[in-house]
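Asks: Supplied in C-alpha cells, the structure appears directly below.
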C-alpha cells in the first residue's frame with residue numbers, strides 16, 4: 051500500500067476552516083468505515099498466510115481468525131450505506147434512473163424492517179386462538195428467502211461459473227478480482243489485433259478458442275448455394291488453430307503459428323464480409339435471413355462462445371434461486387404444518403380410543 | 079459534389095425480381111431457394127431472447143432485483159398461496175349431487191373447486207409480496223428523483239469517493255493556478271475545462287490516432303456528405319442515408335462508435351417523426367462536430383479529449399435558471415457522456431494491448447503491473463481524480479496520480495458532477511468575498527453531510543414503509559394459509575365448499 055505523502059494528501063496541505071469541521075469529519079468516518087473494516091479483514095488474512103508459511107499457526111487459531119475476518123467483512127457489508135449507483139430504465143420515451151440501494155441499507159430494510167414486524171403481526175394473530183405456528187412460518191420462509199435473495203445468486207453464480215469455465219475451457223472469472231465477468235466484459239475476447247490474440251492465449255483460453263473456431267460454420271451456404279468461399283476460409287482457420295495446438299508453450303515456432311491463426315482469422319473475416327455483401331444483393335426473404343446469420347464477425351467468435359458458456363450457469367443459478375426462494379420455503383411450511391397437525395390428530399384419536407376402552 | 083455524395087445518387091439494386099429471387103445465382107448449388115431455411119429455433123431463442131434477457135438480468139441491478147423478486151418470489155408464492163388451504167370438492171360425499179346429470183355435476187365440480195381455493199390467502203400474499211419487493215427500490219428512487227428534479231442537485235447521487243476526488247481535484251487544480259484569482263465566468267470555465275482534460279491520464283490514449291492515416295484523404299468527402307445530411311435531412315432518401323452508412327470510412331468510424339451506429343440505424347428507420355430529434359442529437363456529438371468543422375483536424379484522441387472537455391465545461395456552465403436552459407444543458411451533457419463512453423471503449427477495443435504497455439504507464443502504476451497485464455480492461459480507463467487509495471496508516475483516502483476506473487461510472491460521475499461545478503459559480507456570485515478553492519472546500523464538506531442525511535432519510539423512510547406494509551398486509555384476524563388445519567383436516571373435508 052502506498053504511503054501517504056504530503057503532495058498526495060487529499061487536504062493538499064491547506065488550513066481547514068473550523069466551521070462545521072467536526073460534523074464533516076464524523077460523517078466522513080461513516081463513509082470510510084466499510085473500507086477500514088475490509089482492510090482489517092485483509093490484514094488478518096495476510097497475517098494468517100504469513101504464519102502458515104512459517105508453520106506457526108494451529109488449525110484452531112486459523113479457524114478463529116477466519117471467523118474474525120469473516121465477521122469484519124460482514125460488518126463492512128452492513129456498513130455500506132452510500133447510494134452511489136443507479137440503474138437506468140429506458141422505456142422508449144420514458145427514461146429515468148433508480149438508485150440501487152447499497153447492501154447495508156438493503157439488509158437493514160429486509161432483515162430489520164421486514165421480518166420482525168411480520169413476526170410481531172403473526173404473534174398478535176396467533177394470540178387470539180393460541181396458535182403460534184405462523185411465527186415459525188414467517189421465520190422459516192423469510193429468513194431463508196431474504197438471505198438467498200441478498201447473497202445467494204452472487205455466490206451461486208460464482209460457484210457455477212468456476213465449474214463451467216473448466217467445462218468450456220474459457221475464463222469466465224476475472225483472474226485479478228476473482229469476480230464473474232459480465233456479458234459486456236466478454237467484449238475483451240474480440241480479436242482486434244495480434245497482441246490481443248496473444249493476450250487471450252496467454253490467459254489460458256487456447257482450448258476455448260479452438261472450440262469457438264470449431265463452432266463457426268457457413269450457415270449451410272456451401273450446401274445450399276454451392277458457394278464454398280466461406281467454408282474453405284473457415285477450414286483454413288481450423289487447420290491453423292490445429293497447428294497451433296500441436297506446438298508446445300516454449301516452442302520457438304509458436305509466435306509464428308499464432309500469427310498465422312490471426313492472419314487466417316482476418317482472411318476468413320474478409321471473406322465473410324464479401325459473402326454477406328453478395329448475399330445482400332439478392333433482396334429475397336431468405337437472403338436477408340442468411341445475411342443476418344452471417345452478420346456476426348469471425349473475430350467475435352470467442353466472445354460469442356464465452357456468452358454461450360456463461361448462459362447455462364446463469365440459467366441454473368436463476369432456477370435454483372427460484373426454487374430455493376419461492377417453492378422450497380412454502381412447500382416446507384406446508385408439509386411441516388400438515389405433519390404437526392396429523393400428529394396432533396393422531397394423538398387425540400389415540401387418546402379417545404384409550405378412553406373408550 | 080464529392081465522391082461520397084456522388085455515391086449517394088447511385089440507384090438501388092436494379093436486378094429483376096426473378097433474378098433476385100434466385101439465391102443460387104451466385105453459386106452452383108442446385109437446391110430450390112424457396113425451401114431454404116436458415117438458422118434454428120434454438121439458435122434464435124438463445125441469441126434473440128435468452129442472451130439479451132440474462133445480460134440485462136445480471137448486469138442491471140434494477141432488472142436483477144425485479145427479476146428475482148417477480149420470478150422467484152411472486153410467482154411461486156402467489157400461485158402456492160391459492161392452493162394452500164384450498165378446500166377440495168368431492169361429489170361422492172355430497173348427497174345433493176347424487177341425482178345431478180353429468181354436465182351439471184361437472185359444472186358444480188368446477189365451481190366448488192374454484193370457490194374452494196384460498197382466495198383470502200392469495201390476497202394477503204399478493205399485498206405483501208408485491209408491496210415489499212418494488213417498494214424497497216421505490217422509496218429511495220422517489221427521494222432521489224425529487225432531489226434531482228426539484229432541487230436540481232444530481233451531484234447528490236455521486237459516491238463519497240467521487241465527491242471527494244473530483245472536488246478536491248478541482249480545488250487543487252485551481253489553487254495552483256494564479257488565474258483562479260480572476261473572478262470571471264470565462265476564467266472559471268477555462269479552469270474547469272483544463273481540469274477535466276487533465277483527468278485522463280492514459281498516455282496511450284493521448285498518443286493514438288483517432289483515424290488511421292491511410293484513410294485520412296476520405297475525411298473531406300465524409301465531412302461534406304455529413305454536412306449535406308445534417309443540413310438537408312428531408313431531401314435525403316432512405317437509400318442515400320444507407321449509402322452513406324455503408325461507405326467504408328464511415329463504417330470504420332461507426333465500428334468504433336456503436337452508439338453513433340445505432341443512431342444512424344434509427345435514422346434509417348421508417349418513423350419519420352424521430353428523425354429530426356436524432357439529427358439534432360447527431361449535431362450535438364463532438365465527434366460529428368469535429369467532422370463538420372473544417373478548421374479542426376482529427377489527429378489524435380488527445381484532440382478529441384480537448385474538444386470534449388471544452389464542450390463539457392461549456393455545457394456544465396449553462397445557467398439553470400429556467401426549464402428550457404435546464405433541459406438544453408441536460409441534453410448536451412447526456413450526449414457528451416454517451417459520446418465519451420463510446421470513444422473510450424472503442425479505443426480500448428482497438429489499442430488496449432499496445433496502449434497499456436508498461437513503458438507507457440505512469441510511474442506509480444508500473445510497479446503494480448509486474449505480472450501479466452489484465453486483458454479485461456475494455457471498459458476501464460486510467461484517470462486522475464479519485465481519492466481511491468485507502469491508507470491503512472491514517473485510515474483515510476488519498477489522491478493517486480492514476481487509477482483505473484470503469485468508463486461508464488466515470489462518464490456518469492462527470493455528468494452528475496457538472497451540477498456541482500455550476501453550483502460553485504452560482505454560490506461565488508452570492509459570496510464574492512470568498513475565493514473559489516475555499517468555496518469548493520466548504521461546499522464539498524456540506525455536500526458530504528447532505529448526502530449522508532439524504533441516504534439515511536431514504537433508508538429510514540423505506541424501513542418505515544416496510545413496517546407499515548407488514549401490518550397492512552397481515553390484517554386478517556387469522557392466518558389464512560393454515561385455515562384447514564384449525565378445523566377439519568383436509569383429508570376428511572366434506573363437500574360443504576367454502577363454508578367448511
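Residue numbers (our numbering), protein chains in the order written: chain X, 51 to 407; chain R, 79 to 578.
Ideal Cβ placement from N, Cα and C applies to all residues, glycine included.
Find the nearest neighbour of residue 247/R within the set 544/R, 263/R, 461/R and 229/R, judged by alpha-carbon distance.
Replies: Selected option, being the one with the closest Cα: 461/R.
Asks: What in chain X is Cβ-close to residue 502/R, meaning under 9 Å?
Replies: None at all; the shortest Cβ gap to chain X is about 16 Å.
Asks: One question on the structure: do residue 348/X and residue 266/X come within less than 8 Å of each other, judged by their Cβ atoms?
Replies: Taking 8 Å as the Cβ cut-off, residue 348/X and residue 266/X qualify as a contacting pair.
Asks: Specify whether the segment 162 to 174 of chain X and the segment 122 to 138 of chain X touch according to this definition: at least 3 beta carbon pairs, one from each stretch, less than 8 Å apart.
Replies: They do not touch, by the three-pair rule.
Asks: Apart from the five residues on each side of it in sequence, which residues of its chain come closer than 7 Å, Cβ to Cβ, to residue 275/R?
Replies: Around residue 275/R: 383, 384 and 387.
Asks: Evaluate the contact criterion for the segment 178 to 188 of chain R versus the segment 131 to 151 of chain R: three or more CB pairs, one atom per stretch, below 8 Å.
Replies: Contact between the segment 178 to 188 of chain R and the segment 131 to 151 of chain R is absent, because fewer than three Cβ pairs lie under 8 Å.
Asks: Would you give the residue range spanned by the alpha helix (DSSP H) that residue 187/R belongs to?
Replies: Residue 187/R -> alpha helix (DSSP H) spans 180 to 193.
Asks: Does any C-beta atom of chain R lie closer than 8 Å to the C-beta of residue 62/X?
Replies: Because the pLDDT at residue 62/X is just 45, under 50, the model does not fix this residue reliably, and the value given afterwards should be weighed accordingly. Chain R, which has a Cβ nearer than 8 Å to the Cβ of residue 62/X, makes this yes.
Asks: Against chain R, with Cβ distances strictly below 8 Å, would residue 292/X count as a contact?
Replies: No, because no Cβ of chain R sits closer than 8 Å to the Cβ of residue 292/X.
Asks: As an exercise, report each continuous alpha helix (DSSP H) stretch of at least 4 residues that is fully enclosed by the segment 202 to 238 of chain X, in chain order.
Replies: Fully enclosed alpha helix (DSSP H) runs of 4 or longer: 203 to 218.
Asks: Can you confirm whether the segment 166 to 183 of chain R touches the segment 209 to 216 of chain R when touching is taken to mean that 3 or more C-beta pairs between the two stretches lie within less than 8 Å?
Replies: Flag = no, the segment 209 to 216 of chain R and the segment 166 to 183 of chain R do not touch.
Asks: Just to make sure I have the definition right: I need the residues of chain X whose C-beta is within less than 9 Å of the C-beta of residue 287/R. Which are they?
Replies: Chain X residues near residue 287/R: none, gap ~14 Å exceeds 9 Å.
Asks: Along the alpha helix (DSSP H) that carries residue 386/X, what are the first and last residues, could you check?
Replies: That run of the alpha helix (DSSP H) goes 378 to 406.
Asks: To which residues does DSSP link residue 137/X through a beta bridge?
Replies: Its beta-bridge partners are 148/X.
Asks: Establish whether the CB of residue 140/R and some CB of chain X are separated by less than 8 Å.
Replies: Output row for residue 140/R: interface = yes.
Asks: Please classify residue 162/R as buried or exposed, where buried requires at least 16 neighbouring CB atoms within 10 angstroms.
Replies: Classification of residue 162/R: buried, given that the 10 Å Cβ count is 16 or more.
Asks: Using a Cβ-Cβ cutoff of less than 7 Å, which residues in the same chain neighbour residue 391/X once the five nearest sequence positions on both sides are dropped?
Replies: Here the set comprises nothing.
Asks: Cα-Cα, which of 270/R, 251/R, 378/R and 250/R is closest to residue 282/R?
Replies: It is 378/R.
Asks: Is residue 559/R helix, strand or coil by DSSP?
Replies: Residue 559/R falls in the helix class under three-state DSSP.
Asks: Give me the Cβ distance between residue 428/R and residue 238/X, rounded to the nearest whole Å; I'm assuming they're in contact under 8 Å.
Replies: At roughly 13 Å, the Cβ-Cβ gap does not stay under 8 Å, so residue 428/R and residue 238/X are not in contact.
Asks: Kindly give me the distance between the Cβ atoms of residue 307/X and residue 297/X, rounded to whole angstroms, as I take these residues to be in contact under 8 Å.
Replies: Residue 307/X to residue 297/X, Cβ: 5 Å. Contact.
Asks: If you draw a straight line from the alpha carbon of residue 400/X to that of residue 196/X, how long is it in whole angstroms?
Replies: One C-alpha to the other measures close to 41 Å.
Asks: Tell me the rounded alpha-carbon separation between residue 231/X and residue 222/X.
Replies: The straight-line gap from Cα to Cα measures roughly 6 Å.
Asks: Can you list the residues of chain X that residue 579/R reaches, using a CB-CB cut of under 8 Å?
Replies: There is simply no residue 579/R to check, as chain R begins at 79 and stops at 578 in what is shown.
Asks: Hey, is the segment 486 to 501 of chain R in contact with the segment 403 to 423 of chain R, meaning 3+ C-beta pairs nearer than 8 Å?
Replies: Yes, they touch.
Asks: Establish whether the CB of residue 544/R and some CB of chain X are separated by less than 8 Å.
Replies: Yes - at least one Cβ of chain X is within 8 Å of the one on residue 544/R.
Asks: Going by DSSP in three states, residue 345/X sits in which element: helix, strand or coil?
Replies: It is coil, neither helix nor strand.
Asks: So, is the C-beta of residue 526/R closer than 8 Å to a C-beta in chain X?
Replies: Interface residue, yes.
Asks: Around the Cβ of residue 389/R, are there at least 16 other Cβ atoms within 10 angstroms (buried) or fewer (exposed)?
Replies: Buried, since its Cβ has 16 or more Cβ neighbours within 10 Å.
Asks: Express the C-alpha separation of residue 484/R and residue 474/R in angstroms, rounding to a whole number.
Replies: Roughly 22 Å separates the two Cα atoms.
Asks: May I have the straight-line CA-CA distance separating residue 217/R from residue 535/R, to the nearest angstrom?
Replies: Looking at the two C-alpha atoms, the distance is approximately 10 Å.
Asks: Could you tell me the alpha carbon to alpha carbon distance between residue 531/R and residue 149/R, rounded to whole angstroms?
Replies: Rounded to whole angstroms, residue 531/R to residue 149/R spans 34 Å at the Cα level.
Asks: Does the segment 309 to 321 of chain X come within contact of the segment 278 to 285 of chain X, defined as at least 3 CB pairs closer than 8 Å?
Replies: Taking 8 Å as the limit for Cβ pairs, the verdict is that the segment 278 to 285 of chain X does touch the segment 309 to 321 of chain X.
Asks: May I have the straight-line CA-CA distance separating residue 561/R from residue 384/X, to the nearest angstrom?
Replies: For residue 561/R and residue 384/X, the distance between alpha carbons rounds to 12 Å.
Asks: Beta-carbon separation of residue 133/X and residue 222/R under 8 Å?
Replies: Against a cut-off of 8 Å, the Cβ pair of residue 222/R and residue 133/X comes out as a contact.
Asks: Can you list, in chain order, the residues of the segment 209 to 238 of chain X whose Cβ is nearer than 8 Å to any Cβ on chain R?
Replies: Residues passing the 8 Å Cβ filter: 224, 225, 226, 231, 232, 233, 234, 235, 237 and 238.
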